[in-house]
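Only one structure is covered here, and it is reproduced in the block below.
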């Protein structure tokens, strides 16, 4: 393992494809203490309603010492830290794999992120390449709270620089159930259906079942920029309308993570008793989202796993499809990995959910 | 009194008019802990400036243990909880009555809301009906902090379902002075004119007096959606521009509560020494507000009541008129219950205000 | 020194030029307690990333008891308080001088502002005049945290009122190094380059050096209005699109302070190890900024001062140029006090930055 890239060596215009090397490591700057202000903004920006994240007594009844910070808010801040060194000059954020939520985060915790280059492949056009990185985020106690891989298309600064030897990392297609972390203190049955509004638990979701969530959310420029700035994500494509006039779309793109958060908020009704995100197995931003687009969300239940040693809680594997500007009733079933012009998000992830007490006995 | 509607029985698309029955009770999901983040966002979203809600020493000098949360922020969060079961499929939010502010709310308090159907009347067109509900909000100690009645026009899912027997509730035209709650600890004279910027107190407002507040506030799509999401209000008409293309206006409507908050913020200058909202006697959203509209506020003093046992504080009954896209100097006097095309809000409410010490002696 | 203007004497439409008199003093209403919500909003509104203001362990390592509130957030709230009495009817905010940051502010502190008229000059057109004020902001302990002078063009209400004797205050062109405040507890070397992402310190910046910061930020109506409302700044020109139809631009203007904050956030990369703002020597909003404009930032190093008694920290004098809708590479060098149609901000300010330990020995 090589030594970390020293601070102060990053060029002002950021790293380009030819600057990356296999095994290169980055300690990303600007640690961040999460506050009650961040949590409130996350609700205002997304419409999130999971009571574990906004109602202290509900969190305590489920065994938490306080409201855990919304898993996706943690993800966006953790991810945002890596942009500075990884995707500042990104052409496209291609995918995620192996995202694991390892420990709850609370208001007052301070997070910082690290990354390592795990793969490189120049594109045949010679003007860009794909960088694969493994990243992890630690809290102020040095405890890992999140780890993930992603790959991103990064521009080359100079076409003349030689291509590196292509190396593609081995990325698991899913986070194995044995790698999911369930907090020892968690009391799944403590999550009160009167507080969540739903009674369905792990046992009630059938693989293959599809849920079209009824709400829709139109994204405004201010909304996605406020969110992306809150996460201290500096990727220029989200903020600079003047420069964006000359990009392929002629305008700013919405940070894909904002799309995930809006879809998750829209899908609260129907998945009320989710305890936590445990993993994101794979994910792609299948099409760009722009301000003015209205987002809708469909879920498909992919699978249901028991968790060894925890008869009180199960893992539910879900496919989140984010669609834009279309009535979901008119959206056909989308085959695995199928592209559809209205589908902007295709996310395969795993949540924790209580199992029926009767099943426990 | 019937048993509460069990959680998990709500259809994904929400309740329609024919689903309601007299006496039906709802315990609304998603309790909410109010934080310093919510209070800061409320200021940013509305421009609120009452120092009791944003300056700790000012609140303590008036007897409060800490800054009480702005009454309207409490109202919006409390109200937002009821949308899920009451107005998710609302065509229009028709009116409020008997809103009583029963106890201060502080940062850290957790609120949840309950409702009961108190009246039903199908519209003659057979495609919608009016639902009257009484609602109340409790804090984590089970103490009632807010109660109110409202009525809302809700779509029928099927025209063929039979109409219920019409039952109209008896709603008082005003909250009687004897029902206003004044915290025992309140020290009205402790509210420093140097902190509020105004010297007028209860004694100085004359019934019939009209105040045209000088500022104006243009509402943007992001502003009202951020506010409405912060309140976890899920009414679809505020968020979904794609679906709104087919509504009567062809666009999103601004949550009426946001209009109330903006008007209250605009009216700070002229009503600086208001201690608290005590009641909303009646209120209607007389016309819709859309993004791009600029709001202005006029107040008319309706009456002045002494409060038994509290010679140091009086109740002031006010009429808040919210107008849009018009110079107030050109807006005529609006008769009681009169409709005017530029008037979007007509709210009859009661505030607490200190009385002169000389009057006490 | 005359007695303060009594509260309650301000006309509803605010003060006009002919209402001001030399020596007049104002205690501005609405003190404000700064919360974690304000700090989070400031990040979301501007994209600020200085870790001293958002990472508790980083602040403590530099000697602070907790994260100090961002200097510009303090400035905007402090400044916002003065608008009510000074610039409510401002035609233009002409300039700042002698801004001194005197003590750190922390979450929980309550600020209030005072001003005194130090100069007056009617414009030759007889319809407006320039008011010069000295202002200061105190915390809840009565400690001065900020002081500054500014001058603002204010409309006359009546052309017929006589002009006052013109009096121009003596304003220093810079805040002398001897007047800069360095907290005794500050441990400049404690600011970790791994946390900030940069290694350059005071010794590394050369007078005359120019830095074109790479990012850009497009300003939306919601963004600047949210920020300006958060600061409880009530200047009407920022909020009222309906009235603005008849102003010189036909639209709302962005609060100049928002431009400063966005430029400062954009310039984080390149000035990572700034410890604090110590002073603003002079500043002008050279051209108006409107929603839709994209802001960019260039810095020029004006000078480098040693600080008596503190060999561990130096003062760096910087010129912040904010430009809009232009590629910085195409923006020429701007001479001192030169106007350029794309330059909206020209700010001469002084920051504190660690000196190399080797220089200390």
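Protein chains in written order, with our numbering: chain V, 1 to 361; chain Y, 362 to 722; chain U, 723 to 1083. Don't be surprised by glycine CBs; every beta carbon is placed ideally from N, CA and C.
- Secondary structure of residue 740 (chain U) (DSSP, three-state): helix.
- Look at residue 939 (chain U): its C-beta is under 8 angstroms from a C-beta on chain V.
- Residue Y:655 holds the alpha-carbon nearest to the alpha-carbon of residue 703 (chain Y) among Y:655, Y:583, Y:643 and Y:389.
- With a cutoff of 8 angstroms on beta-carbon distance, residue 56 (chain V) and residue 471 (chain Y) are scored as near each other.
- Within 9 angstroms of the CB of residue 200 (chain V), the CB atoms of chain Y belong to 369, in sequence order along the chain.
- Contact annotation, residue 319 (chain V) with residue 302 (chain V): C-beta distance approximately 5 angstroms; criterion of less than 8 angstroms satisfied.
- Against chain Y, the CB of residue 778 (chain U) has no partner CB under 8 angstroms away; the residue lies outside that interface.
- Within 7 angstroms of the CB of residue 782 (chain U), no CB atom of chain V is found; the nearest one sits about 10 angstroms away.
- Closest in C-alpha terms to residue 901 (chain U), from the list U:929, U:876 and U:870, comes U:870.
- Within chain U, 948 and 951 have C-beta atoms less than 8 angstroms from the C-beta of residue 406 (chain Y), given in sequence order.
- Within the same chain, and ignoring the five residues on either side of residue 215 (chain V) in sequence, the residues whose Cβ sits closer than 6 angstroms to its Cβ are 266.
- Residue state for residue 393 (chain Y) is assigned as strand, using DSSP reduced to three classes.
- Listed along chain V are 220, 222 and 223, each with a C-beta nearer than 7 angstroms to that of residue 583 (chain Y).
- If you look at residue 261 (chain V), you'll find it in the alpha helix (DSSP H) that goes 256 to 266.
- Residue range 655 to 667 is occupied by the beta strand (DSSP E) that includes residue 659 (chain Y).
- Closer than 8 angstroms to the CB of residue 330 (chain V) there is not a single CB belonging to chain U.
- For residue 477 (chain Y), the enclosing beta strand (DSSP E) starts and ends at 471 to 483.
- As summarised for the segment 549 to 595 of chain Y, the continuous beta strand (DSSP E) elements at least 3 residues long and confined to that stretch are 571 to 573, given in chain order.
- Beta-bridge pairing by DSSP links residue 510 (chain Y) to Y:458 and Y:495.
- Shown in chain order are the members of the segment 3 to 29 of chain V whose Cβ falls below 9 angstroms from a Cβ of chain U: 4, 6, 7, 8, 9, 10, 12, 13, 14, 27, 28 and 29.
- In terms of Cα proximity to residue 220 (chain V), the closest of Y:574, Y:599, Y:713 and Y:382 is Y:599.
- Taking 8 angstroms as the cut-off, the beta carbon of residue 43 (chain V) is found no closer than this to the beta carbon of residue 105 (chain V).
- Selection Y:529, Y:485 and Y:523 evaluated against residue 492 (chain Y) yields Y:529 as nearest (Cα-Cα).
- Against chain Y, the beta carbon of residue 85 (chain V) has no neighbour under 8 angstroms; the closest one sits roughly 29 angstroms away.
- Per the Cβ contact rule, the segment 134 to 154 of chain V is in contact with the segment 69 to 84 of chain V (3 or more Cβ pairs under 8 angstroms).
- In the assembly as shown, residue 622 (chain Y) is a buried residue. Its beta-carbon has 16 or more other beta-carbons within 10 Å.
- Around residue 775 (chain U), the same chain offers 789 and 792 as residues with beta carbons nearer than 6 angstroms, after the five sequence neighbours per side are excluded.
- The beta carbon of residue 461 (chain Y) is closer than 8 angstroms to those of 507, 508, 509, 536, 540, 541, 542, 639 and 640 in its chain, skipping five residues each way along the sequence.
- At the C-beta level, residue 350 (chain V) and residue 315 (chain V) come within 8 angstroms of one another.
- Residue pairing of residue 144 (chain V) in beta bridges, as defined by DSSP: V:138.
- Within the same chain, 249, 253, 254 and 344 come within 8 angstroms of residue 288 (chain V) by CB-CB distance, once the 5 residues on both sides are set aside.
- Here residue 685 (chain Y) carries a strand assignment [DSSP, helix/strand/coil].
- For the segment 982 to 999 of chain U, the residues whose beta carbon sits under 7 angstroms from a beta carbon of chain V are, in order, 991 and 992.
- Taking a C-beta distance under 8 angstroms as the contact criterion, residue 474 (chain Y) and residue 496 (chain Y) qualify as a contact pair.
- By the CB criterion at 8 angstroms, residue 533 (chain Y) and residue 459 (chain Y) fall inside the cutoff.
- Contacts between residue 501 (chain Y) and chain V, judged by CB atoms closer than 7 angstroms, involve 57 in chain order.
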